[in-house]
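For reference, the structure discussed in these notes is given below.
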Ligand code: SF4
């Protein structure tokens with residue numbers, strides 16, 4: 091494919107022609123499955139589509155293009171995509187002009203794309219995680235009449251950072267600082283579908299953030315599978331703490347978040363930078379996965395129950411107002427009831443402000459996929475319920491300490507259920523609902539937290 095064919099202007103011409111034939115502006119629906127990295131990729135894909143002349147919609151029905159940005163971290167995310175493909179078939183029968191596309195991690199998984207093309211012959215375009223920058227050219231091929239266009243690359247084909255993005259929120263944005271992962275946690279498919287770890291140059295990241303701030307962004311979320319190992323392999327070596335110091339200097343930027351932090355790489359220097367910062371949010375997502383040393387070793391996580399707890403202790407000492415959230419996997423192969431007790435013990439001692447608790451999902455090709463299952467699903471379900479209950483009790487108790495305080499809230503929107511309320515987030519990432527006018531959306535406002543309702547707060551604006 092030529093460079094020119096990846097140019098959005100060539101696609102724009104083709105889109106315009108098809109719009110004239112069909113007698114309406116083409117509508118595109120991008121559906122995102124999975125994590126924040128996928129959300130950010132989808133913003134880029136939407137930006138390309140909008141620049142090419144598509145109108146964006148949230149409705150599959152009546153759309154001229156439907157794109158699923160898929161996830162494969164857990165089997166149910168993959169099954170949801172396959173389920174939705176059935177719905178797409180109905181749409182395609184109603185509208186033969188409909189362009190159906192799939193991209194993302196599931197497509198990058200060995201064999202998945204070929205299987206999709208065989209089982210769902212009405213899919214027009216499949217591409218992977220490494221070639222988002224080539225989407226304009228690939229889509230042009232489809233519009234020009236090529237059937238079942240497929241391009242999955244093992245190595246990255248160009249950067250898509252300079253492509254236009256259609257942000258979900260005008261006032262906050264994700265910023266990719268690195269791609270891929272080198273850790274090979276035994277249960278995780280990410281290193282296989284997102285490739286080896288690659289950091290972006292600090293200067294390029296800072297330039298992107300400056301430009302986002304000029305465009306009205308107040309809060310950035312620095313994104314990477316393991317942000318704490320940022321900078322390895324760059325010609326000008328820089329670590330994550332040093333990058334944060336530079337990001338902090340951006341005039342007009344008010345809040346900085348980042349995810350995900352691997353506990354094994356979280357340095358004391360980073361804790362210092364966070365503690366002394368006026369912009370880095372008081373929230374840290376620190377995946378635990380398990381509290382059992384035996385399981386952690388098998389998972390290849392490179393920390394122990396006690397070293398994790400010691401890290402939490404250092405973080406809480408340095409920043410008493412910090413909220414720590416985590417990910418927990420229950421039902422990892424060979425996990426025993428004693429291992430689950432260790433996990434529950436960490437939840438209680440770490441006093442997480444929140445946790446995403448998952449039942450282990452076997453992913454083909456990972457090391458854990460070959461381990462024997464030692465407990466049945468009923469037992470695993472009972473353990474899951476126990477962990478979840480502990481998480482809920484601990485986190486709501488923990489969050490209550492903020493009740494009565496006057497805190498800053500970035501207003502994200504009008505509450506979907508009650509239009510008299512606004513909804514926003516504390517620096518701690520906890521959601522707050524409070525009465526207010528829609529004109530405050532996008533501003534950071536002071537709110538007195540009047541009641542804690544488990545995992546969110548009710549409040550009153552207090553200027
Ligand atoms: S750090 Fe582990 S869990 Fe996270 S993306 Fe890398 S391999 Fe997966």
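Numbering (the numbering used here), first residue to last: 91 to 553. Virtual Cβ for every residue (Gly too), placed ideally from N, Cα, C. Predicted model only: the values in this text are computed from it and were never measured.
Residue span of the beta strand (DSSP E) that contains residue 513, given as start and end: 511 to 516
According to DSSP, is residue 540 part of a helix, a strand, or is it coil? strand
Cβ-heavy atom distance, residue 341 to the ligand SF4, below 7 angstroms: no
Whole angstroms are fine: how far does the CA of residue 492 sit from the CA of residue 548? 11 angstroms
C-alpha distance - residue 444 paired with residue 425, whole-angstrom precision: 23 angstroms
Whole-number beta carbon distance between residue 534 and residue 504, since they are thought to touch under 8 angstroms: About 17 angstroms; that fails the 8 angstroms criterion.
Looking at C-alpha atoms only, which residue of 362, 423, 430, 378 is the closest neighbour of residue 404? 362
Could you compute how far the alpha carbon of residue 244 sits from the alpha carbon of residue 422? 29 angstroms
According to DSSP, is residue 379 helix, strand or coil? strand
Member of 515, 284, 267, 296 whose CA lies at the smallest distance from the CA of residue 76: Past the boundaries of the shown model lies residue 76; the chain is included only from 91 to 553, so the question cannot be answered.
Quick check: residue 267 and residue 313, are their CB atoms within less than 8 angstroms of each other? yes
Report yes if the C-beta of residue 392 is less than 7 angstroms from at least one heavy atom of the ligand SF4; otherwise report no. no
Around the C-beta of residue 184, are 16 or more other C-beta atoms found within 10 angstroms, so that it is buried, or is it exposed? exposed
Beta-carbon proximity of residue 193 to residue 217, cut-off 8 angstroms: yes
Does DSSP put residue 557 in a helix, a strand or coil? Because the chain spans 91 through 553 in this model, residue 557 falls outside it and cannot be assessed.
For a test of your reading of the model: does the CB of residue 329 fall under 7 angstroms from any non-hydrogen atom of the ligand GTP? Yes or no. As far as ligands go, the structure on display features the ligand SF4 and does not contain the ligand GTP.
So which residues put a beta carbon under 6 angstroms from any heavy atom of the ligand SF4, going in chain order? 271, 273, 274, 275, 278, 280, 281, 315, 316, 352
Who does residue 97 pair with in a DSSP beta bridge? In DSSP, residue 97 forms no bridge with anything.
What's the gap between the Cα of residue 246 and the Cα of residue 286? 10 angstroms
Beta carbon of residue 223, beta carbon of residue 137: below 8 angstroms? no
Within 10 angstroms of its Cβ, does residue 536 collect 16 or more other Cβ (buried), or is it exposed? exposed
Quick one: what does DSSP say residue 262 is sitting in, helix, strand or coil? strand
Whole angstroms are fine: how far does the CA of residue 320 sit from the CA of residue 146? 34 angstroms
Considering only their Cβ atoms, is the gap separating residue 322 from residue 289 smaller than 8 angstroms? yes
Please name the residue or residues paired with residue 121 in a DSSP beta bridge. 158
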